[in-house]
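> Here my numbering runs 35 ahead of the position in the sequence shown, where the first position is 1.
Cβ atoms here follow ideal geometry from the backbone N, Cα and C, with glycine treated the same way.
The structure displayed is predicted, hence computed values, not measured ones.
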Amino acid sequence: AALAIRVKSESRYIFRGLREVAPSFFLDLFNMIHNIFPTPIYTTIIKDYNKSAMIDRIHRYIKETKSCGKEASLQERLNVKSYFGDTYDGDQIHNIEEFYELNNSIGIHTKKYLKEINVNLELLNELDIYAQKSWLIRLRSGGNVAPHTHPNAHLSCVFYIQAPEGCGKIEFLEPPTNPIFNLPLYLNQADGVITPKDGMLIIFPSSLHHMVHNSLPNIARYSVSYDLMCASKMPEESVCLNPKLWKKLDK
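Take a look at the structure:
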């Protein structure tokens with residue numbers, strides 16, 4: 036008991052001494068902001084991919100496809116600053132042979148992402164990862180991508196085939212539903228910017244707003260984006276069921 040009292044007394048003494056010498060230390064220690072529910076964004080580098088084959092296939096894709104909306108000439112498609120493959124009638128990227136190995140890598144890293152964010156392991160073992168939609172993006176000097184989300188998917192990812200120095204950075208925007216924005220004040224948003232590199236893969240929730248800054252170099256920036264679905268092999272409440280078990284209802 037005597038030892039316990041002495042330690043307690045010494046602790047109080049140390050506490051008082053530090054407050055007298057460095058009060059700012061205790062202000063920093065006891066007045067903290069806890070950022071609850073952070074948004075998990077996964078990044079990794081895939082080293083072994085056939086960069087030249089992917090870029091060659093992209094060039095053929097741009098030449099062969101037609102716009103789903105206003106028709107653009109071949110010259111316009113080749114010279115446009117921002118080319119988005121999801122507005123053209125070509126094959127989905129995940130169905131093109133040159134990207135099959137990338138499909139496998141995305142599947143592996145998506146499972147790692149889900150494990151890192153603490154998805155229940157029993158459910159994780161029952162999940163299949165599907166590429167619902169995929170397309171290419173080519174940005175020339177001055178090209179950019181406006182703020183948007185991907186509401187049709189669970190997760191989205193982007194893989195950078197060629198990301199020269201000075202090319203457009205991807206910026207993730209703080210969700211407008213954050214309760215802090217209910218305050219009647221002007222706040223500086225805490226946005227996150229990631230500088231792309233050759234072979235970088237980024238995985239993030241599809242509902243997260245994001246954009247791409249202006250690309251500066253004359254060398255084109257090539258990337259592909261995937262919209263992903265997490266589907267369970269077995270029926271599970273509130274979880275998407277495997278598309279193999281779906282049934283088309285309209286004729």
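Taking D121 as the reference, give the member of S102, R112, E151 and L109 with the closest Cα.
Of the candidates S102, R112, E151 and L109, the one whose C-alpha sits nearest the C-alpha of D121 is S102.
> When you compare the CB positions of L263 and L190, do they come within less than 7 Å of one another, or not?
In this structure, L190 lies closer than 7 Å to L263 by Cβ.
> How would you label D285, buried or exposed, when you count the other beta carbons within 10 angstroms and need 16 or more for buried?
Per the 10 Å Cβ criterion, exposed.
> Considering only residues of the region 114 to 200, which uninterrupted beta strand (DSSP E) runs meet the minimum length of 3 residues and lie entirely inside it, listed in chain order?
You should have 117 to 119, 162 to 174, 180 to 183 and 190 to 197.
> Could you give the distance in angstroms between the alpha-carbon of I90 and the alpha-carbon of T78?
Spanning the two alpha carbons is a distance of roughly 22 Å.
> Report the three-state DSSP secondary structure of S273 (helix, strand or coil).
The answer is coil: DSSP assigns S273 none of H, G, I, E or B.
> In the DSSP output, what is D262 paired with across the bridge?
Answer is K168 and S191, bridged to D262.
> Mind checking W281: buried by the 16 CB within 10 Å criterion, or exposed?
Answer is exposed; the Cβ neighbour count stays below 16.
> I'd like the list of long-range same chain contacts for P182, defined as Cβ closer than 8 Å, with 5 residues on each side in sequence excluded.
Counting only Cβ-Cβ distances below 8 Å, and skipping sequence neighbours, we find L208, H244, H245 and M246.
> What does the alpha-carbon distance come out to for the pair G234 and E271?
Distance between the alpha carbons of G234 and E271: 35 Å.
> Can you confirm whether the region 185 to 202 touches the region 163 to 174 when touching is taken to mean that 3 or more C-beta pairs between the two stretches lie within less than 8 Å?
The region 163 to 174 is in contact with the region 185 to 202.
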